[in-house]
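Undergrad:
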Amino acid sequence: MRFVDEFRDRKIARDLGAEIARLARPGRQYKFMEVCGGHTHTIYKHGIEDYLPQNVTLVHGPGCPVCVIPMGRIDDAMFIARQPGVTLTCFGDMMRVPGGSGSFLDASAGGADVRMVYSPLDALRVAQRNPDRHVVFMAIGFETTAPSTALTLLRAAADNASNFSVFCNHVTIVPAIKAILDSPDLRLDGFLGPGHVSTVIGCRPYQFIAQEFARPVVVAGFEPLDVLDSVRLLLKQLEEGRCEVENQYTRVVPWDGNAKAIEVIRRTMELRPHFEWRGLGFISQSALRLREEFARFDAERIFRLPGVRVADPKACQCGEVLKGVLKPWECKVFGTACTPETPIGTCMVSSEGACAAYYNFGRFSRERMQEVVR
Amino acid sequence: MCLAIPGQIERLIPGTDLATADVSGVKRNINIGLVEPEGIAPGDWVLIHVGFAMSKIDEEEARTSLEFLQTMGQAFADEMAAMQQKPPGESG
Amino acid sequence: MTARPEREQEVLDRIESFRRRKASLREERVTMAHGAGGKATQTLIQAVFLEAFRNPLLEPLEDQAVFALNGSRLACTTDSFVVSPLFFPGGDVGDLAVNGTVNDLAVAGARPLYLTAGFILEEGFATADLERIAGSMARAAAEAGVQIVTGDTKVVQRGKADGCFINTSGIGVIESGIRLGATRVKPGDAILVSGPIGDHGITIMLARGELDLVSDIRSDTAPLHGLVDSLLGATGEVRCMRDATRGGVATILNEIAAAAGVSMVVDENAVPVRAEVRGACEILGIDPLYVACEGRMVVFVAGDSAGEALRALQSHPLGRGAAVIGSVREDPPGLVLLKTQFGGTRIVDMLVGDPLPRIC
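Residue numbers (the numbering used here), protein chains in the order written: chain A, 1 to 374; chain B, 375 to 466; chain C, 467 to 826.
(1) Looking at chain B, which residues of the region 738–766 of chain C have a Cβ within less than 7 Å of any of its Cβ atoms?
(2) Please list, in chain order, the chain A residues whose beta carbon lies closer than 7 Å to that of D595(C).
(3) Check the DSSP bridge columns for Q530(C) and list the partner residues they point to.
(4) Closer than 8 Å by beta-carbon distance: list the chain B residues that pair up with D682(C), in chain order.
(5) Could you please give me the residues that DSSP links to G636(C) through a beta bridge?
(6) Leaving out the 5 sequence neighbours to the left and right, which residues in its chain are closer than 6 Å to S429(B) when beta-carbon positions are compared?
(7) Can you pull the chain F neighbours of D686(C), defined as C-beta to C-beta under 8 Å?
(8) In the structure shown, what three-state DSSP assignment does P738(C) receive?
(9) Any C-beta of chain C sitting closer than 9 Å to the C-beta of R25(A)?
(10) At 8 Å on the CB atoms, spell out the chain A contacts of S729(C), in chain order.
(11) Given this structure, state the Cα-to-Cα distance separating M95(A) from S103(A), to the nearest angstrom.
(12) Identify which residue in T89(A), E293(A), Y51(A) has its Cα closest to the Cα of R267(A).
(13) Just to confirm the assignment, what range does the beta strand (DSSP E) spanning Q382(B) have?
(14) Are the CB atoms of D686(C) and G714(C) within a distance shorter than 9 Å?
(15) Near V639(C), what residues of its chain come up, given a Cβ to Cβ distance below 8 Å and the 5 sequence neighbours on each side ignored?
(16) Among the candidates E371(A), V372(A), T339(A), whose CA atom is the shortest distance from the CA of A356(A)?
(17) Below 8 Å CB to CB, which residues in the same chain sit around A700(C) once its five sequence neighbours on both sides are set aside?
(18) Between which residues of its own chain and G257(A) is the CB-CB distance below 6 Å, once the five residues before and five after are set aside?
(19) Contact defined as beta carbons within less than 8 Å: I believe A112(A) pairs with R82(A). What is the distance between those atoms, to the nearest angstrom?
(20) Please state the DSSP three-state secondary structure of E464(B).
(21) Who are the Cβ neighbours of F631(C) in its own chain at under 6 Å, not counting the five residues just before and after it?
(22) Hey, out of V218(A), I302(A), A354(A), whose CA is closest to I80(A)'s CA?
(23) Using 9 Å as the threshold, is the C-beta distance between P754(C) and V737(C) below it?
(24) If we ignore side chains and look at the alpha-carbon of each, how far apart do H60(A) and I69(A) end up?
(25) Any idea what DSSP makes of K178(A), helix, strand or coil?
(26) Report the residue ranges of all alpha helix (DSSP H) runs contained in full by the region 698–761 of chain C; include only those spanning at least 4 residues, in chain order.
(27) Would you decide whether S183(A) is buried or exposed? Buried here means 16 or more other CB atoms lie within 10 Å of its CB.
(28) Between the region 558–568 of chain C and the region 598–607 of chain C, are three or more C-beta pairs nearer than 8 Å?
(29) Within a Cβ cutoff of 6 Å, which residues of the same chain sit near A261(A), ignoring the five residues on either side of it in sequence?
(30) Name the one or two DSSP bridge partners that M763(C) has.
(31) Residues of the region 414–436 of chain B in Cβ contact with chain A at a cutoff of 8 Å, in chain order, please.
(32) Does the region 327–342 of chain A come within contact of the region 474–481 of chain C, defined as at least 3 CB pairs closer than 8 Å?
(33) With burial defined as no fewer than 16 other Cβ atoms inside 10 Å of the residue's Cβ, what is the status of T390(B): buried or exposed?
(34) Whole angstroms is fine: what's the gap from E263(A)'s alpha carbon to V409(B)'s?
(35) What did DSSP end up calling T339(A) once you bin it into helix, strand or coil?
(36) Compare the C-beta of D385(B) against all C-beta atoms of chain C and say whether one is closer than 9 Å.
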């Protein structure tokens, strides 16, 4: 597969691994945070950490848009799904996320009409094909996905759709990174920036990380070589005493982002004053809602949502895992009460969640795995 | 939300903002509304996310990036070889 | 990175001992996850059916039961087919119904003899479609050398069955000397697959039409008894065979690793996957290792018979794409590891839920 396989080349990986080992000063510990859940997933899926020296660690951040949805919002979605005549559509990841009273999968078992879609446009099509039902699309994701929801809203408006609405849970990445930087718990040496979010917002928004917080940022792609090369570039910055925002993912990320994408987001959505993030608490100006002009497509205005704040289960430590303070296996319920089949929190359910990635792919210690595979 | 996959545009669908893209022999109609301003033609490669093209892939950049990675490996290997040729007692 | 190996080992031990506890069903209602062939299905089977029916023949929870009767060793098996859509590129539910049961007998080393066929039909189902399905079953049975000797037909009201559900059970006879089973698998054994994986599952996903993906992929549904004969004729060192259906190759590897108390290492680069199947999986964010096949087997043979076994498979039309994909190790028992395309390592766990298209 072009643009994929070349960036999974083992030989280049070995050379990159050697270069990284050369750049990482012995006796010094390096901790880099990869913000995006897609990075977490790819790191574990391909076993990228096998190429890193012992003193370079990758810490997982809150960039999993499913993971950060608080339980109360899931319950709101369940409420919508249970309304008569409503079809709830969502991405596959959402199906097993636990709310206060079960997941969408459970709601489906209980008789609700919940359907998985690949694209928000597919949700609109379900509405067009089922005029007797009201179809709600649960929109999640960072700025990568918001433009797609936006274009879908514009199409719905152009088509005069009368049985379609969006339950908007889009969040923005910069406030989350800022919350991490403001947290006293973490000592990070640099960031791997979210490559696909950056195709929309560009690289400029991360400059405050380098300028105000003195941490280098490398906007990273998602193939294994992209991740390794980004680690190399971070180490090189530290070695050379530089501190700036660099773009590793040049084949896809334009420095200035995608003006059209930003424009359609602005046309259809606006920032909420504040929004609750699982584990990070309330963050201002961190999430999107539909503009007044699109009220007729806004599920939050159409349905009277309970809007209850549901506290995470006592045992759940997702918050600390999302902030990178705890490693998945350091959570008290990891692997016992909280497993992929019986998840307590979102980190274990979402395919991008650190706990799920670790449990499903990486749970066995690297050293042991390498011994066995040799 | 980061799963995006490279695909090649096969043809544009006139009168719409859609195009047929090919990923390893699997075809899907995708919305090219977000990349239209750049100009999209059959044969172009785009990054596809939830049925939308997010960005046109810069093939030249991709080639340069890979070449650099390959030569870096070569440079490293050369350096290692050179080091091994130095008389014992001298450090690299 | 302090105390990492010890701490991790502690967590691993915690997970393993938790998993060894008796299966208990927490859910009050059956969900789609229970039908995916992964962990939830296993839990359901163990907690409900094994609990209720427990007996020595059932305990191994293999795909077929093997027993002796009047000097012969017989295998019997059953399977139900609820695929949607009923007709798809490469076949239909009728083909699956015959080939699926034939294959469950064949991988036990049995010569498939007789099948039963039970139909649950939805009111309003087109009789022309039913004739088409019956025709497929007749052709598939002839190709497999079996006869459908008895059956049953029920009709339920509109909306109570998705068109046509079929159950088939089968009986076969095992020639003397053939002893196969998960517990025979040992460290040092080689792991083979008989061809490219994931064709059927992806075909079905695409055929549902909801994902709007178009390709030439066809279901790989086929009767494997001839391929099995080729293999068993070439080498006497076959330990175990399984046909890779729901849950894919990864599920089989995990089930056998657990049953035999061994570990396995698979080389991702060695696993045959068609380019289009790979493309569809990348788009949807699914791992081909978990996608269903309907005409592929996973074979465990003694390590030094791997070459022989591979040649035997490849010499048969249904085994042209066969490959050695990995090997069985001793330690740690029950774990399946993958050497990734990239050269890293990761675990291949049992499937959780359904291979839902991953968007993130």
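Just so you know, even glycine gets a beta-carbon here, dropped at the ideal spot from N, CA and C.
TA: Put simply:
(1) A741, E742, R744, G745, A746, E748, I749, G751
(2) The residue labelled residue 595(C) in the question sits at position 129 within the third sequence. In chain order: nothing, as chain A lies at least about 22 Å away.
(3) Within the third sequence, numbered from 1, the residue matching residue 530(C) stands at position 64. Answer is none; Q530(C) lacks a bridge partner.
(4) Within the third sequence, residue 682(C) is the residue found at index 216, counting from 1. In chain order: G399.
(5) Here residue 636(C) refers to the residue found at position 170 when the third sequence is read from its first residue. G636(C) pairs with T543(C), L581(C).
(6) The residue you call residue 429(B) lines up with position 55 of the second sequence. Excluding residues within five positions, the ones whose Cβ falls inside 6 Å are L421.
(7) You won't find chain F in this structure, because its protein chains are A, B and C.
(8) The residue you call residue 738(C) lines up with position 272 of the third sequence. Residue state, collapsed to three classes: coil.
(9) Walking along the first sequence from the start, residue 25(A) turns up at place 25. No, no contact with chain C.
(10) The residue labelled residue 729(C) in the question sits at position 263 within the third sequence. The contacting residues are V372.
(11) Taking the first residue of the first sequence as position 1, residue 95(A) is located at position 95. Taking the first residue of the first sequence as position 1, residue 103(A) is located at position 103. Those two C-alpha atoms are separated by around 6 Å.
(12) Taking the first sequence and counting its residues from 1, one reaches residue 267(A) at position 267. If we check each option's Cα against that of R267(A), E293(A) comes out closest.
(13) As a position in the second sequence, residue 382(B) is number 8, starting the count at 1. Per DSSP, Q382(B) belongs to the beta strand (DSSP E) from 379–387.
(14) The residue you call residue 714(C) lines up with position 248 of the third sequence. The residue you call residue 686(C) lines up with position 220 of the third sequence. Not closer than 9 Å, so no.
(15) To locate residue 639(C), count along the third sequence from 1; it is residue 173. Counting only Cβ-Cβ distances below 8 Å, and skipping sequence neighbours, we find S538, R539, L540, A541, A576, R577, L579.
(16) The residue labelled residue 356(A) in the question sits at position 356 within the first sequence. For the residues E371(A), V372(A), T339(A), the minimum Cα distance to A356(A) belongs to T339(A).
(17) Locating residue 700(C) in the third sequence gives position 234, where the first residue counts as 1. Around A700(C): E774, A775, R777, A778.
(18) Counted from its first residue, the first sequence places residue 257(A) at position 257. Result list for G257(A): V200, I201, G202, in chain order.
(19) As a working mapping, residue 112(A) is identified with position 112 in the first sequence. As a working mapping, residue 82(A) is identified with position 82 in the first sequence. That pair is a contact at about 5 Å.
(20) Here residue 464(B) corresponds to residue number 90 of the second sequence, with the count starting at 1. Note that E464(B) scores 47 on pLDDT, short of 50, meaning its location in the model is unreliable and no value can be drawn from it.
(21) One-based indexing of the third sequence puts residue 631(C) at position 165. Once the five neighbours on either side are set aside, the close Cβ partners of F631(C) are V548, I586.
(22) The sequence position of residue 80(A) within the first sequence is 80, counting from 1. Nearest of V218(A), I302(A), A354(A) to I80(A), Cα basis: I302(A).
(23) Counting from 1 along the third sequence, the entry for residue 754(C) is found at position 288. Counting from 1 along the third sequence, the entry for residue 737(C) is found at position 271. Against a cut-off of 9 Å, the Cβ pair of V737(C) and P754(C) comes out as a contact.
(24) The residue you call residue 60(A) lines up with position 60 of the first sequence. The residue you call residue 69(A) lines up with position 69 of the first sequence. Taking the straight line from one Cα to the other gives about 17 Å.
(25) The count along the first sequence starts at 1 and reaches residue 178(A) at position 178. Reduced to three states, the DSSP call for K178(A) is helix.
(26) 714–726, 741–750
(27) Taking the first sequence and counting its residues from 1, the one referred to as residue 183(A) is at position 183. With fewer than 16 other Cβ atoms within 10 Å, it is exposed.
(28) yes
(29) As a working note, residue 261(A) is residue 261 in the first sequence. Closer than 6 Å at the Cβ level, and outside the excluded window around A261(A), lie P147, V200.
(30) Locating residue 763(C) in the third sequence gives position 297, counting from the first residue. Answer by DSSP bridge pairing, in chain order: D709(C).
(31) W419, L421, H423, V424, G425, F426, M428, S429, I431, D432, E433, E435, A436
(32) yes
(33) Working through the second sequence from its first residue, we reach residue 390(B) at position 16. Looking at its Cβ environment, which holds fewer than 16 other Cβ atoms inside 10 Å, T390(B) is exposed.
(34) Residue numbering aside, residue 263(A) sits at position 263 when the first sequence is read from its first letter. Residue numbering aside, residue 409(B) sits at position 35 when the second sequence is read from its first letter. Between E263(A) and V409(B), the C-alpha separation is close to 12 Å.
(35) Position 339 of the first sequence, counted from the first residue, corresponds to residue 339(A). T339(A): coil per DSSP, three-state reduction.
(36) Mapped onto the second sequence, residue 385(B) falls at position 11. Position check: residue 385(B) holds Arg in this sequence, whereas Asp was assumed. No, no contact with chain C.
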